[in-house]
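**Q** One structure, pasted below without further comment.
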Amino acid sequence: MYEKIKETAAFLKERMHTKPETAIILGSGLGKLVDDINIEKEIPYSEIPHMPVSTVEGHAGKLLFGKLGGKDIMAMEGRFHYYEGYSMKEVTFPIRVMYELGIKNLIVSNAAGGMNPAFKVGDLMVIEDHINSFPENPLRGKNFPTGPRFPSMHEAYDKNFIRIVEEAANRLGIKIQKGVYVGTAGPTFETPAEYRMFKGWGGDAVGMSTVPEVIVAVHCGIKVFGMSVITDLGGFEVPMKVSHEEVQEAANNAQPKMTALMKELIKQI
Ligand code: HPA
2 MYEKIKETAA FLKERMHTKP ETAIILGSGL GKLVDDINIE KEIPYSEIPH MPVSTVEGHA
62 GKLLFGKLGG KDIMAMEGRF HYYEGYSMKE VTFPIRVMYE LGIKNLIVSN AAGGMNPAFK
122 VGDLMVIEDH INSFPENPLR GKNFPTGPRF PSMHEAYDKN FIRIVEEAAN RLGIKIQKGV
182 YVGTAGPTFE TPAEYRMFKG WGGDAVGMST VPEVIVAVHC GIKVFGMSVI TDLGGFEVPM
242 KVSHEEVQEA ANNAQPKMTA LMKELIKQI
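Position one of the sequence shown corresponds to residue 2 (our numbering), numbered consecutively onward.
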């Protein structure tokens, strides 16, 4: 695995004209954020050695290099989900490569189902913490020398990044929620009973990504900021039916607000 990571990083280094310190992962339906990036270079995943290829609708599968908020950044348009059949090592492979490329900050976005009764469809939720409900931890197996065998997850989401985004949201008049993201394997959306269970655990939103990438980033010493777009609501008295289309539509509508906040964060880090 380590050889592959090195080879992929070497391939990218040869093609990179900048040395970005911040990487962004664009989640389901959140690909439009790229419209705000001054794209200088894009490389389809299919051209990158050892990179898994994204299969899900709405995930283009490209690595982008350019500027956002006046800084050099790299962005993943499309991520790898466990439910697509990838192993945890494949899901988190790009994070390992990012580390090799010198990435210091990771901004992750996703679409998620809201369980907190105060949430509405289209809300943005700053991820303060997560609950890992995937059947496998991405760090299972021989420990990578990037971090300890038993890494702390006490402050997986950087407190300073959260403060910067809260202040920016106040200034720009953008409403944000904060909460705990529950990561599940998918691909099924939750049953009403599962929503209730996750809510009982202390979750505010639930989705099928992010947690594996964040665990590996933290293990590499990369600072993380995470944001969910609440695309549907579950776990209340009235059972809600969720469709992939609804998720995409709600994510689309929330994009300008999310982009504005990410720009502000990048400006200040
Ligand atoms: N559950 C899981 N994943 C999701 C949801 C949800 O309700 N909405 C968007 N992604």
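From the three backbone atoms N, C-alpha and C, an ideal C-beta is built for every residue, glycine too.
Lys-200 lies in the beta strand (DSSP E); which residues open and close that run?
**A** Not the beta strand (DSSP E): Lys-200 falls in the alpha helix (DSSP H), residues 193 to 202.
**Q** To the nearest angstrom, how far is it from the Cα of Ala-157 to the Cα of Val-35?
**A** If you take the alpha carbons of Ala-157 and Val-35, they lie about 26 Å apart.
**Q** On the three-state DSSP scale, how would you describe Glu-78?
**A** Here Glu-78 sits in strand by DSSP.
**Q** Can we say the stretch 94 to 107 touches the stretch 176 to 193, given the rule of at least three CB pairs closer than 8 Å?
**A** No: the two stretches stay apart, fewer than three of their Cβ pairs being nearer than 8 Å.
**Q** Taking the Cβ atom as the reference point for each residue, do Met-75 and Phe-66 lie within a distance shorter than 8 Å?
**A** Yes, they are a contact pair.
**Q** If you drop the 5 nearest sequence neighbours on each side, which residues of the same chain put their C-beta closer than 8 Å to that of Phe-136?
**A** The sequence given here has Pro at residue 136, not Phe. These residues qualify, in order along the chain: Ala-186.
**Q** Taking the DSSP output, what are the residues bridged to Pro-45?
**A** Answer by DSSP bridge pairing, in chain order: Lys-63.
**Q** Which residues mark the beginning and the end of the beta strand (DSSP E) in which Phe-135 is found?
**A** Phe-135 -> no beta strand (DSSP E), and no H or E assigned at all.
**Q** Considering only heavy atoms of ligand 1, does any lie closer than 7 Å to the CB of Val-248?
**A** It does: the Cβ of Val-248 is within 7 Å (strictly closer) of some heavy atom of ligand 1.
**Q** In angstroms, rounded to a whole number, what distance separates the CA positions of Ile-267 and Ile-132?
**A** If I take the Cα positions, the gap works out to 26 Å.
**Q** Measure the CB-CB distance between Val-92 and Pro-139 and report whether it falls below 8 Å.
**A** The answer is yes: Cβ separation under 8 Å.
**Q** Nearest by alpha-carbon distance to Arg-141: which of Ser-88, Val-166, Ala-119 is it?
**A** Ranking Ser-88, Val-166, Ala-119 by Cα distance to Arg-141 puts Ser-88 first.
**Q** Quick check on Asp-233: does DSSP put it in helix, strand or coil?
**A** Asp-233 falls in the strand class under three-state DSSP.
**Q** Compute the beta-carbon to beta-carbon distance between Ala-206 and Ser-229, rounded to the nearest angstrom, for a pair I have assumed lies under 8 Å.
**A** Ala-206 to Ser-229, Cβ: 5 Å. Contact.
**Q** Spell out the partners DSSP gives Lys-224 in its beta bridges.
**A** Asn-106.
**Q** By how many angstroms is the C-alpha of Ile-163 removed from the C-alpha of Thr-260?
**A** So the two alpha carbons sit approximately 15 Å from each other.
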